[in-house]
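Residue numbers (the working numbering): 247 to 844.
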């Protein structure tokens, strides 16, 4: 047996039985009777797929932490204008670049750092540092990964991404209680659930036996996978084994036999963000027993039930392995199958079959989705325009179809629903000044080139990061609110003076997270970064990488043509690389012009 080509286990009894206890023992079915107290609002934070637009999401997170820190400090100091109700981030879910941000946020929550305001004194901000300073096309076009005789795994070099991910996992700032932060960030679960979706190229096989005379089985392989973590954001002690479900992985800065190092969750973040072909897949491993705790919701004429799934263990525990052998697989971008992991957050808050109250006077739980690309629909072709066009349209259909279900989207945009909130880019048209004219992908500089555009220039990423901060401030001030009849605003949580102070922006509604301290200072939209990047500056890098890629892929596939043949072939490859470079540079320039960046 080889890891690349495992053979099924010959032992038909290998594997695990389904858990003895029912699904609801591990996953509550309905939390309707387990509502938060009258003074508490629970949040499931969902960070959607981004590619380079992760800079926007990072800006949103940066301001959210700033606002929650300022309010918590004011509450702890009994500041007269500080409402005394509570907000708690109960779960954090992410995919693709959103998964990277989920891991980065869970790490940053354990430390004090200054919010980013574009001054040199705050350049140590971990969210800004990773997304704006460390992820750039110049490093991604290097050929270091192609110098040896190994496989060419991707169009771009990922070594700078690996370094940035490692730096994020090793980040340590000031101790909490400094730099305007509370000693304990009570607004987040101290043992924070973090769910990352990813695409499992090996797959998880299942089989179902048909009833009747055929006796045959029907097989299917699930590649829409996910990993569940419990991250100790305090860093004071490792998670107790009793606090970790058997399908979860404990992550702590203080290691023990019950937890994994940060490198484990960082690797998963790299896996969920490994855009197919553009970036190399990531080899991951996990306990095979995790797949014992997968369930399905089954509807029938008599009602809805939740049942355990049973994998075909012969393939998960192949020949030569046993139950304790880690399950290894290749992972790529989680956005291929689930670009908005909303359901994991919803089920955690409401229960597998439950629903969070949607009425404004009753809502005490909500999902906040941060989605840089929630914009106008992209309409595909109605006529065959050739192979390349069809391939591009198919990829667009797959990615857009994986974002969210129609029902999810309608709930996020329904103003009468207070259990779903959406943060997405919005800015004034930089040419006309028309307020709110640009939304979604149009409002961010990173959306060009299938969302790889942000990697071209730090100016693009800086814009998106600062726009994320501004949009988050506007969201908290104008949109993340409830009717003042909600029990969250009853005395003694809110005084009449506080209601008068915070009720001015929208009469009859009050903010769930009031802006206090530094978070109150109005933020301005960053200038649109037009003409800040010239594609010709990377022409030589593109050509050099294309030639190296051809040397590692095309020429070995063709074989040995002798000295003269190989020389002519290399010249042909070089010419083709130059021609391809011209086409790529022209395409980049066209995309930048289309986005108003050139």
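Don't be surprised by glycine CBs; every beta carbon is placed ideally from N, CA and C.
In its own chain, which residues sit with a C-beta less than 7 Å from the C-beta of residue i, not counting the 5 before and 5 after it?
i           : result
residue 383 : 701, 702, 784
residue 675 : 683, 684
residue 690 : 299, 302, 618, 671, 710, 713
residue 529 : 574, 576
residue 680 : 674
residue 537 : 450, 557, 562
residue 523 : 400, 401
Can you give the beta carbon distance from residue i to residue j, rounded, assuming they're within the 8 Å contact cut?
i           : j           : result
residue 915 : residue 372 : No information on residue 915 is available, as it lies outside the stretch 247 to 844 that the chain covers here.
residue 727 : residue 758 : 6 Å
residue 256 : residue 565 : 6 Å
residue 265 : residue 539 : 7 Å
residue 445 : residue 578 : 5 Å
residue 518 : residue 580 : 4 Å
residue 340 : residue 442 : 6 Å
residue 474 : residue 494 : 5 Å
Using 8 Å as the limit for Cβ to Cβ distance, is residue i near chain D?
i           : result
residue 348 : Among the protein chains of the structure shown there is no chain D, as only one such chain exists.
Using a Cβ-Cβ cut-off of 6 Å (strictly less than) and excluding sequence neighbours within five positions of residue i, which residues of its own chain qualify?
i           : result
residue 361 : 308, 312
residue 787 : 387
residue 696 : none
residue 532 : 573
residue 543 : 552
residue 774 : 676
residue 699 : 692
Look at the alpha carbon of residue i and the alpha carbon of residue j, and state the distance between them as a whole number of angstroms.
i           : j           : result
residue 709 : residue 838 : 15 Å
residue 545 : residue 842 : 49 Å
residue 668 : residue 762 : 22 Å
residue 438 : residue 333 : 14 Å
residue 554 : residue 541 : 4 Å
residue 793 : residue 688 : 34 Å
residue 273 : residue 598 : 7 Å
residue 707 : residue 335 : 27 Å
residue 767 : residue 661 : 27 Å
residue 809 : residue 515 : Summary for residue 809: the model assigns pLDDT 49, below 50, so the residue's position carries little reliability, and this model does not support an answer.
residue 557 : residue 389 : 41 Å
residue 401 : residue 735 : 54 Å
residue 715 : residue 548 : 49 Å
residue 782 : residue 832 : 9 Å
residue 705 : residue 582 : 28 Å
residue 608 : residue 280 : 13 Å
residue 324 : residue 343 : 38 Å
residue 258 : residue 560 : 7 Å
residue 375 : residue 285 : 36 Å
residue 844 : residue 830 : 16 Å
residue 252 : residue 448 : 10 Å
For residue i, name the three-state secondary structure that DSSP assigns.
i           : result
residue 467 : strand
residue 596 : helix
residue 426 : coil
residue 472 : strand
residue 478 : strand
residue 453 : strand
residue 318 : helix
residue 359 : coil
residue 497 : strand
residue 574 : strand
residue 701 : helix
residue 286 : strand
residue 518 : helix
residue 258 : coil
residue 435 : coil
residue 831 : helix
residue 660 : coil
residue 303 : helix
residue 530 : strand
residue 614 : strand
residue 443 : strand
residue 630 : coil
Near residue i, what residues of its chain come up, given a Cβ to Cβ distance below 8 Å and the 5 sequence neighbours on each side ignored?
i           : result
residue 370 : 359, 360, 419
residue 754 : 729, 730
residue 277 : 595, 596, 597, 600
residue 380 : 406, 409, 410, 413
residue 512 : 349, 411, 412, 414, 415
residue 811 : At residue 811 the pLDDT is 49, less than 50, meaning the model places this residue with poor confidence; the figure from the coordinates comes in the next sentence. Nothing listed; no residue qualifies.
residue 480 : 356, 430, 436
Is the closest heavy atom of the ligand FMN to the C-beta of residue i under 7 Å?
i           : result
residue 361 : Looking for the ligand FMN in the displayed structure turns up nothing, as the structure carries no ligands at all.
Worksheet item: Could you give the uninterrupted runs of the beta strand (DSSP E) lying entirely in the segment 705 to 787, keeping only those of 3 residues or more?
Response: Within the segment 705 to 787, the beta strand (DSSP E) runs of at least 3 residues that lie entirely inside it are, in chain order, 727 to 729, 755 to 757.
Practice prompt. Scan the segment 533 to 567 and note each continuous beta strand (DSSP E) run of 3 residues or more that stays entirely inside, going in chain order.
Written response: Those beta strand (DSSP E) runs which fall completely within the segment 533 to 567 and span 3+ residues are 541 to 546, 549 to 554.
Worksheet item: What are the complete beta strand (DSSP E) segments, minimum 3 residues, inside the segment 324 to 361?
Response: Listed in chain order, the complete beta strand (DSSP E) runs (minimum 3 residues) inside the segment 324 to 361 are 332 to 341.
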